[in-house]
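Participant: Heads up, the sequence shown is in the UniProt record's numbering, so the first residue is 1 and it goes up one at a time. Note that CB positions come from ideal geometry on N, CA and C, so glycine has one too. Just so it is clear, the structure is predicted and the values come from calculations on it, not from any experiment. Before anything else, here's the structure in question.
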Amino acid sequence: MGSIFRRPSNSSFALFCQAQAFPVPITRWYKYIEGTTRKQAVVLNDRVKQVSGTLIIKDAVVDDSGKYLCVVNNSVGGESVETVLTVTAPLAAKIEPRTQTVDFGRPAVFTCKFSGNPIKTVSWTKDGKSLGHSDAVLRIESVKKEDKGMYQCFIRNDQESAQASAELKLGGRFLPQILPFDFGSDTIFAKDMVTSSCTVNKGDFPIDIYWKFNERRIASEGGITISRTNQRMSVLTIESVLLPMIFPFDFGEDPVDTLDTVSINCVVSKGDLPIKIVWLMDGERISSNDGITISKMGPKMSTLYIESILILPFEFGEEPLDESDMATVQCAITKGDLPVTFNWLFKGAELPPDESIVMSKNGQRISVLTIETIRAFHAGFYTCVAINRAGQSNHSSELKVIAPPVINPFHFESEVDSEESVQVTCHVSKGDLPLEIIWKFNNRPLRISSNVEITSIGKRSSSLNIPSVSANHSGVYTCFAKNIAGVRNQSAELFVNVPPKIFPFSFGDEPMNYGDSVSIQCNVPSGDLPIGIRWYFNGATINDPSVVVTNVGKRSKVLTIDSVTGWHAGNYSCEASNKPEVVHFTAELFVNGKV
């Protein structure tokens with residue numbers, strides 16, 4: 001598990017990464033690029049130093065904040081741990097400008113400039129009431145009377161907050177105000193004359209008055225007269241109203257295929273100018289920004305042009321890519337009207353959630369798919385689907401990944417007695433063929449002999465069999481699987497229970513004489529410790545004080561008789577016992593002159 005640290009700015013501290021291993025590991029520190037899963041090596045300098053596995057930061061600054069990764073490696077393997085560092089700094093804020101005077105209808109901008117760390121939220125209030133705005137810049141596009149007042153910017157984190165104030169004042173320039181007007185409540189018939197007046201009752205001079213028809217500015221032409229009666233009034237006169245008439249059109253009787261391009265003209269055969277021509281699709285207004293091109297060919301004609309989408313082919317490349325590499329492809333639209341929506345599919349379905357897959361748009365016609373770190377499961381067909389109002393188009397490319405071996409874990413029985421047989425199988429469940437599978441014992445090549453058998457099972461498995469285990473077979477067995485993508489290994493330790501073995505002993509071929517001194521040693525050279533060693537005389541525990549038994553290390557006991565008598569003649573047995581077994585060895589003592 002990683003750690004989380006908070007340290008004040010300008011302080012000095014250390015990030016620890018303690019590791020013990022043999023061979024001695026190498027420690028490297030990385031820092032993640034904010035907002036991504038990519039990381040880069042920590043830049044070491046006079047202020048940031050690495051001593052052994054410890055990263056020392058002096059005079060910390062806010063930019064030191066982030067997520068760090070400590071990676072420890074040696075020839076056997078590696079481990080890593082993450083540490084999140086937050087360098088705190090007092091919050092401070094100010095608004096620029098502090099005061100501004102803006103005329104009605106003009107834009108106003110306040111910028112909240114702040115410092116400190118961490119900053120959790122930014123909020124604005126006006127006259128003490130929240131504006132629901134969380135950006136650093138507050139923009140008012142057109143100032144109104146109610147916008148006048150005091151504005152405050154607040155920045156907060158879990159420990160503290162800071163705020164700044166600014167005032168918006170209104171200028172002396174007033175916007176014009178138009179008195180409502182209409183064409184009357186009665187229906188206007190074709191060829192009737194109509195007139196209406198636009199009167200500006202408020203507003204500073206000079207005042208520019210103009211008329212629009214369907215949002216398009218018009219002038220005195222084509223039966224329309226616009227006259228200015230004074231500085232505050234303009235009169236519109238339409239001498240003869242004539243409704244427009246559209247010449248019938250269609251797309252033809254035959255169905256249009258996907259990827260075909262179509263066009264059609266809308267011609268207004270009658271009607272007063274100016275005429276505004278709009279297009280509808282399924283009852284909704286459309287424009288050139290909706291994937292369809294609309295062109296005005298004259299005052300009474302409009303052309304609708306629908307061009308299908310065409311994707312420029314892309315490829316991941318013919319050669320397979322290694323795991324941990326990065327892959328990227330670009331889906332570019334060479335033909336087709338905007339806007340275009342891009343979707344990416346994997347094996348015909350939506351891309352599954354994956355932090356290493358990033359989709360980004362480069363302009364309006366390009367979508368980029370990037371796989372930051374390739375894994376074996378990323379292999380397959382990726383499809384880019386581009387959609388506009390005219391239809392859709394798609395293109396697919398296969399990503400081939402060279403997969404390193406994956407070995408299923410294996411193990412021996414927890415304890416195996418000597419002379420039993422054992423067998424384990426190393427199975428490589430994943431990884432590109434061909435595979436080379438070898439075994440090592442205690443990190444040394446394992447050679448096939450009468451005591452160890454190695455058998456290949458198909459192309460992905462190897463069996464290790466020991467028909468009769470002994471103490472020499474105890475140790476770590478490692479299976480190595482190698483292919484073009486890399487080498488992986490899996491280990492298991494074998495524990496062999498070895499029974500004790502007593503080294504033969506005797507009192508000699510000749511009988512002992514009365515009064516002689518005799519000494520004999522029971523030595524157990526092999527067998528798992530701890531070993532219990534006991535002496536018996538004629539099958540019974542020895543209680544004779546003249547017979548002395550002495551321990552010699554963990555594997556030997558010496559029996560001594562300083563002065564032999566006839567009573568000492570008989571069978572002396574040594575018993576050696578450990579967890580696997582109990583064994584005995586007996587020697588007979590002969591004494592001359594036995595009573």
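Just list the residues that DSSP pairs K296 with in beta bridges.
Facilitator: Against the sequence shown, residue 296 aligns to sequence position 296. S302, per the DSSP bridge assignment.
Participant: Where T373 and S367 are concerned, what is the direct C-alpha to C-alpha distance, given to the nearest angstrom?
Facilitator: Position 373 of the sequence shown, counted from the first residue, corresponds to residue 373. Position 367 of the sequence shown, counted from the first residue, corresponds to residue 367. For T373 and S367, the distance between alpha carbons rounds to 19 Å.
Participant: Tell me H427's beta-bridge partners as DSSP assigns them.
Facilitator: Start at 1 with the first residue of the sequence shown, and residue 427 comes out as number 427. Answer by DSSP bridge pairing, in chain order: S461.
Participant: Threshold first: 3 residues or longer. Then list the beta strand (DSSP E) segments lying entirely within the region 175-258, N to C.
Facilitator: The region 175-258 contains these whole beta strand (DSSP E) runs: 194-202, 224-230, 233-238.
Participant: Kindly list the residues whose CB is nearer than 6 Å to the CB of A41, restricted to its own chain and excluding five residues on each side of it in sequence; keep chain order.
Facilitator: In the sequence shown, counting from the first residue as 1, residue 41 sits at position 41. Answer for A41: Y30, listed in chain order.
Participant: In angstroms, rounded to a whole number, what distance separates the CA positions of S227 and G391?
Facilitator: Position 227 of the sequence shown, counted from the start, is the residue given in the question as residue 227. Position 391 of the sequence shown, counted from the start, is the residue given in the question as residue 391. The alpha-carbon atoms of S227 and G391 are separated by roughly 50 Å.
Participant: Is the beta carbon of C153 less than 8 Å from the beta carbon of I218?
Facilitator: Counting from 1 along the sequence shown, the entry for residue 153 is found at position 153. Counting from 1 along the sequence shown, the entry for residue 218 is found at position 218. Not closer than 8 Å, so no.
Participant: Distance, Cα to Cα, A587 vs F507?
Facilitator: Walking along the sequence shown from the start, residue 587 turns up at place 587. Walking along the sequence shown from the start, residue 507 turns up at place 507. Spanning the two alpha carbons is a distance of roughly 7 Å.
Participant: Between Y536 and the rest of its own chain, which residues show a CB-CB distance below 6 Å, the 5 nearest in sequence each way excluded?
Facilitator: Against the sequence shown, residue 536 aligns to sequence position 536. If we look at Y536 and ignore the five residues flanking it on each side, its Cβ neighbours are S573.
Participant: Please name the residue, chosen from C384, R38, A327, I407, that lies closest to A492 on a Cα-to-Cα basis.
Facilitator: Translated into positions along the sequence shown, residue 492 becomes position 492. That would be I407, whose Cα lies nearest to the Cα of A492.
Participant: Are the CB atoms of T565 and V558 nearer to each other than 8 Å?
Facilitator: Position 565 of the sequence shown holds residue 565. Position 558 of the sequence shown holds residue 558. Result no, Cβ atoms of T565 and V558 do not sit closer than 8 Å.
Participant: For L433, which of G475, A485, F480 has the nearest alpha-carbon?
Facilitator: As a first step, residue 433 must be located in the sequence shown, where it is residue number 433. The residue with the shortest Cα to Cα distance from L433 is A485.
Participant: Counting C-beta neighbours from all protein chains within 10 Å, is the total for T541 16 or more, i.e. buried, or is it exposed?
Facilitator: Within the sequence shown, numbered from 1, the residue matching residue 541 stands at position 541. Exposed, by the Cβ-count rule.
Participant: Would a C-beta distance cut-off of 8 Å place V469 and E419 closer than the cut-off?
Facilitator: Within the sequence shown, numbered from 1, the residue matching residue 469 stands at position 469. Within the sequence shown, numbered from 1, the residue matching residue 419 stands at position 419. Against a cut-off of 8 Å, the Cβ pair of E419 and V469 comes out as a contact.
Participant: Going straight from the alpha carbon of V476 to that of I387, what length do you get?
Facilitator: Residue numbering aside, residue 476 sits at position 476 when the sequence shown is read from its first letter. Residue numbering aside, residue 387 sits at position 387 when the sequence shown is read from its first letter. The alpha-carbon atoms of V476 and I387 are separated by roughly 59 Å.
Participant: Do three or more CB pairs link the region 109-123 to the region 156-171 at distances below 8 Å?
Facilitator: The region 109-123 vs the region 156-171: in contact.
Participant: Along the chain, which unbroken stretches of the beta strand (DSSP E) at least 3 residues long are found entirely within the region 480-517?
Facilitator: DSSP runs (the beta strand (DSSP E)) wholly in the region 480-517: 486-494.
Participant: Using the beta-carbon count (16 or more within 10 Å), is F480 buried or exposed?
Facilitator: Here residue 480 corresponds to residue number 480 of the sequence shown, with the count starting at 1. F480 should be labelled buried.
Participant: Who pairs with W567 in a beta bridge, going by DSSP?
Facilitator: Position 567 of the sequence shown, counting from 1, holds the residue named residue 567. Paired residue(s): none; W567 is not in a bridge.
Participant: When we look at the beta-carbon of Q490 and count the other beta-carbons within 10 Å, is it buried (16 or more) or exposed?
Facilitator: The residue you call residue 490 lines up with position 490 of the sequence shown. Burial call: buried.
Participant: Taking all protein chains shown into account, do 16 or more other C-beta atoms lie within 10 angstroms of the C-beta of V194, making it buried, or fewer, making it exposed?
Facilitator: Against the sequence shown, residue 194 aligns to sequence position 194. Flag for V194 reads exposed.
Participant: Buried or exposed for R460, going by 16 or more other Cβ atoms inside 10 Å?
Facilitator: By 1-based counting over the sequence shown, the position of residue 460 is 460. Buried, because 16 or more other Cβ atoms sit within 10 Å of the Cβ of R460.
Participant: Exposed or buried, which one is P25 when buried takes at least 16 other CB atoms within 10 Å?
Facilitator: The sequence position of residue 25 within the sequence shown is 25, counting from 1. Classification of P25: buried, given that the 10 Å Cβ count is 16 or more.
Participant: Where S397 and T328 are concerned, what is the direct C-alpha to C-alpha distance, given to the nearest angstrom?
Facilitator: As a working note, residue 397 is residue 397 in the sequence shown. As a working note, residue 328 is residue 328 in the sequence shown. If I take the Cα positions, the gap works out to 11 Å.
Participant: Helix, strand or coil: which one does DSSP assign to K276?
Facilitator: As a first step, residue 276 must be located in the sequence shown, where it is residue number 276. Three-state result, K276: coil.
Participant: By a C-beta neighbour count over all protein chains shown, 10 Å radius and 16 as the cutoff for buried, is V524 buried or exposed?
Facilitator: Position 524 of the sequence shown, counting from 1, holds the residue named residue 524. Under this definition V524 is a buried residue.
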